[in-house]
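Report on the following structure.
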Amino acid sequence: MDDINLHYRFLNWRRRIREIREVRAVRYRERLKRMLRDGDVLRYHGNSDEVGCFVAARPLSRRNRYYEVTIIDTGVRGMIAVGLVPQFYKLDHQPGWLPHSVAFHADDGKLYNGNTVGQQFGPKCCRGDKIGCGISTDLEDGQLTVFFTKNGKEVGSVEIPASPDALYPAVGMHSLGEEVLLDLNAEWGTEEDDGQMIVDSHEEDWGRLHDVKVTGTLLEYVGKGKSIVDVGLAQARRPLNTRFHYYELEITDAGEKCYIALGLARRPLMFADDGKLFQGSGVGDPFGPRCFEGDIMGCGIMFPRDYSLDGGDDVDDWDLEVFPKPSEVQNELYASNEDEEDEGEDLEGRKVMVFFTRNGKVVGRREVALPVGGLYPTIGMMSTGEKVRVDLHPLSG
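Per my numbering, the sequence shown runs over residues 855 to 1251.
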């Protein structure tokens, strides 16, 4: 009977993941008109009589609250706008012209806040200038603070009514030859006396980091990438639990060889480069399809219905001070077997089902014994240029 119940629960989770992926396929889709996008470069593709507009696929949020645009070419008139708009903003209007949108315009240095008439706000911008736009995560009296920067220095800010609808990065253009470089992963902080910038890197989400750089939700491999000892690892600060039992990563850059893995420490790990499952061994078993740039890989745990955390405490109530701060550690990917053998039976716990997904579809599952302390989301990378965007709580909210 338990096997039957587990089977039906597994089918329900597969349907749930598929539904979420279908919703996201519609929700997270960039929109553009009279523009061409080539990688991170946006070019105006109109006749100068009509506005071109780009709206990013994902809105700004607490985890990703800032973006930047570098002007490559001002074209004929330099009518480039950088700002925030609702998801389904009319693409034949410059950002800032319509209600619930705000933008800084490079050609006249004016701020357009839901109106076709702008107010003097900052300096004009030209070729080579970098314009940034971000939001404050602290809401006061129902107002949201939107700020703009030029070449790393804040130009000014404006308060707009907070809306339940998210605000999306948007770029507008209006003359031939205009071209910009888009950086949706840019970070913004405050400058210290020594000139160094403190970046809101979200490293607090990660308990262990080795040869991996954290920038918001983006993880980037920064190791040598020459041999097996150069594996970069990122391990989440908290284990999966009955509330947050699943996480995902999107391969934003496959790097040289796409040696990207996700799994649960201490094991198993699913590798993107060959689709094999590594469970306590350096040799993987055939498990699923290979993954490539743009693919979304997921890993989760199906807990038994009667499972509860030791002591009955919810993970959100745990004292954060008991977790170590993020730090660099030695590569323990191949040392874990020996450690577990020394600890023996103390690591054995209840059986749980670990499952993996690719683009919303379950590719396989394995039953494992849950170690004391739980299983932590763990990501590995091993070739130059690899980047992934991680969502540790994709099923929440």
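Built from N, CA and C at the ideal position, the CB exists for glycine as well.
- Let me know the secondary structure DSSP gives Arg885 once reduced to three states. Translated into the one-based positions of the sequence shown, residue 885 becomes position 31. Arg885 falls in the strand class under three-state DSSP.
- Task: From the DSSP output, in three-state form, read off Val1083 for me.
- Result: Indexing the sequence shown from 1 puts residue 1083 at position 229. Secondary structure at Val1083: helix, using DSSP grouped into helix, strand and coil.
- Compare the Cα-Cα distances from Thr924 to each of His954, Gln974 and Asn1005 and report the closest residue. In the sequence shown, residue 924 corresponds to position 70, counting from 1. With distances taken between Cα atoms, Thr924 lies closest to Asn1005.
- Item | Straight-line Cα distance separating Arg1092 from Ala1020 | Here the question's residue 1020 lines up with position 166 in the sequence shown. Here the question's residue 1092 lines up with position 238 in the sequence shown. Approximately 28 angstroms, taken between the alpha carbons.
- Item | When Arg1097, Gln948 and Asp1065 are compared against Ile1082, the one with the closest alpha-carbon | As a working mapping, residue 1082 is identified with position 228 in the sequence shown. If we check each option's Cα against that of Ile1082, Asp1065 comes out closest.
- Message: Do Ser955 and Gly972 count as a contact pair if the criterion is CB distance below 8 angstroms?
- Response: The count along the sequence shown starts at 1 and reaches residue 972 at position 118. The count along the sequence shown starts at 1 and reaches residue 955 at position 101. Contact: no.
- When you compare only the Cα positions, how much space is there between Lys1080 and Gly1109? As a working note, residue 1080 is residue 226 in the sequence shown. As a working note, residue 1109 is residue 255 in the sequence shown. Going by the C-alpha atoms only, they are around 13 angstroms apart.
- Task: Drop a sphere of 10 angstroms on the beta-carbon of Pro1180, count the other beta-carbons inside from all chains shown, and report buried for 16 or more, exposed for fewer.
- Result: Within the sequence shown, numbered from 1, the residue matching residue 1180 stands at position 326. Bear in mind that the predicted position of Pro1180 carries a pLDDT of just 38, short of 50, making it unreliable; the figure below should be weighed with that in mind. With 16 or more Cβ atoms within 10 Å of its Cβ, Pro1180 is classed as buried.
- Task: Within its chain, find whatever has a CB closer than 8 angstroms to the CB of Gly1010; leave out the 5 residues flanking it on each side and keep chain order.
- Result: As a position in the sequence shown, residue 1010 is number 156, starting the count at 1. Once the five neighbours on either side are set aside, the close Cβ partners of Gly1010 are Leu965, Phe975, Gly976, Phe1001 and Phe1002.
- Arg869 - DSSP class collapsed to helix/strand/coil: The count along the sequence shown starts at 1 and reaches residue 869 at position 15. DSSP, read as helix, strand or coil, puts Arg869 in helix.
- the ligand COA heavy atom lying under 7 angstroms from the CB of Lys1205: Looking at this structure, you won't find the ligand COA or any other ligand, since it has none at all.
- Message: Taking 8 angstroms as the threshold (C-beta atoms), are Ala1024 and Pro949 in contact?
- Response: Start at 1 with the first residue of the sequence shown, and residue 949 comes out as number 95. Start at 1 with the first residue of the sequence shown, and residue 1024 comes out as number 170. Result yes, Cβ atoms of Pro949 and Ala1024 sit closer than 8 angstroms.
- Query: Between which two residues does the beta strand (DSSP E) harbouring Arg1062 extend?
  - Reply: Walking along the sequence shown from the start, residue 1062 turns up at place 208. Arg1062 -> beta strand (DSSP E) spans Trp1060 to His1064.
- Message: DSSP three-state label for Gln941, please.
- Response: Indexing the sequence shown from 1 puts residue 941 at position 87. Three-state DSSP puts Gln941 in coil, outside helix and strand.
- Task: Pick out whichever of Glu1008, Met889, Thr1232 and Lys1215 has its Cα sitting closest to the Cα of Ser1035.
- Result: By one-based count along the sequence shown, residue 1035 stands at place 181. Per the sequence shown, residue 1035 should be read as Leu rather than Ser. Comparing Cα positions, the closest option is Met889.
- What are the complete alpha helix (DSSP H) segments, minimum 4 residues, inside the region 971-1004? none
- Message: Extract the residue ranges of the alpha helix (DSSP H) inside the region 1193-1248, only unbroken runs of 4 or more that lie entirely within it.
- Response: Counting whole runs of 4 or more residues, the region 1193-1248 contains no alpha helix (DSSP H) stretch at all.
- Task: Note down, in chain order, each residue of its chain lying with its Cβ closer than 8 angstroms to the Cβ of Pro1248, except the 5 sequence neighbours on either side.
- Result: As a first step, residue 1248 must be located in the sequence shown, where it is residue number 394. Excluding residues within five positions, the ones whose Cβ falls inside 8 angstroms are Ile874, Tyr1100, Tyr1101, Glu1102 and Gly1152.
- Item | Pairwise C-alpha distance: Gly1227 and Phe1206 | Counted from its first residue, the sequence shown places residue 1206 at position 352. Counted from its first residue, the sequence shown places residue 1227 at position 373. The residue you asked about is not Phe; residue 1206 is Val in the sequence shown. Cα-Cα distance, rounded: 14 angstroms.
- Item | Cut-off 6 angstroms between Cβ atoms - residues of its own chain near Glu1104, not counting five sequence neighbours on either side | Working through the sequence shown from its first residue, we reach residue 1104 at position 250. Excluding residues within five positions, the ones whose Cβ falls inside 6 angstroms are Ile1150 and Arg1243.
- Opposite Glu1104 in the DSSP bridges: which residues? Taking the first residue of the sequence shown as 1, we reach residue 1104 at position 250. Beta-bridge pairing links Glu1104 to Ile1150 and Arg1243.
- Do Gly1061 and Met1235 have their C-beta atoms within less than 8 angstroms of each other? For the purposes of this step, residue 1061 is taken as residue 207 along the sequence shown, with counting starting at 1. For the purposes of this step, residue 1235 is taken as residue 381 along the sequence shown, with counting starting at 1. Not in contact: Gly1061 and Met1235 (Cβ atoms no closer than 8 angstroms).
- N-terminal and C-terminal residue of the beta strand (DSSP E) that Asn967 is part of: Looking up residue 967 in the sequence shown gives position 113. Run containing Asn967: Lys964 to Asn967, per the beta strand (DSSP E) assignment.
- Query: In three-state DSSP terms, what is Ala935?
  - Reply: For the purposes of this step, residue 935 is identified with residue 81 of the sequence shown, where counting begins at 1. Strand at Ala935.
- List the residues that DSSP assigns as beta-bridge partners of Gly1010. By 1-based counting over the sequence shown, the position of residue 1010 is 156. BP columns for Gly1010 point to Phe1002.
- Task: Would you kindly report the start and end of the unbroken beta strand (DSSP E) that includes Leu1030?
- Result: Here residue 1030 refers to the residue found at position 176 of the sequence shown. Unbroken run through Leu1030: none, as it is neither H nor E.
- Tell me the DSSP bridge mates of Cys1112? Within the sequence shown, numbered from 1, the residue matching residue 1112 stands at position 258. DSSP lists no partner for Cys1112.
- Item | For His899, three-class secondary structure by DSSP | Translated into positions along the sequence shown, residue 899 becomes position 45. DSSP places His899 in coil when its eight states are reduced to three.
- Which same chain residues, not among the five before or five after Asp1059, have their C-beta less than 7 angstroms away from its C-beta? Looking up residue 1059 in the sequence shown gives position 205. Ala1090, Arg1091 and Leu1246.
- Just to confirm, are Ile989 and Val936 a CB contact at a threshold of 8 angstroms? The sequence position of residue 989 within the sequence shown is 135, counting from 1. The sequence position of residue 936 within the sequence shown is 82, counting from 1. Contact flag unset, no.
- Item | Exposed unless 16 or more other CB atoms sit within 10 angstroms - verdict on Cys979 | Indexing the sequence shown from 1 puts residue 979 at position 125. Counting C-beta atoms within 10 angstroms of its own C-beta, Cys979 has 16 or more neighbours from the protein chains shown and is therefore classed as buried.
- Query: Smallest Cα separation from Glu904: which of Ile1233, Gly996 and Met1027?
  - Reply: Stepping through the sequence shown from its first residue, residue 904 is reached at position 50. Nearest option by C-alpha distance: Met1027.
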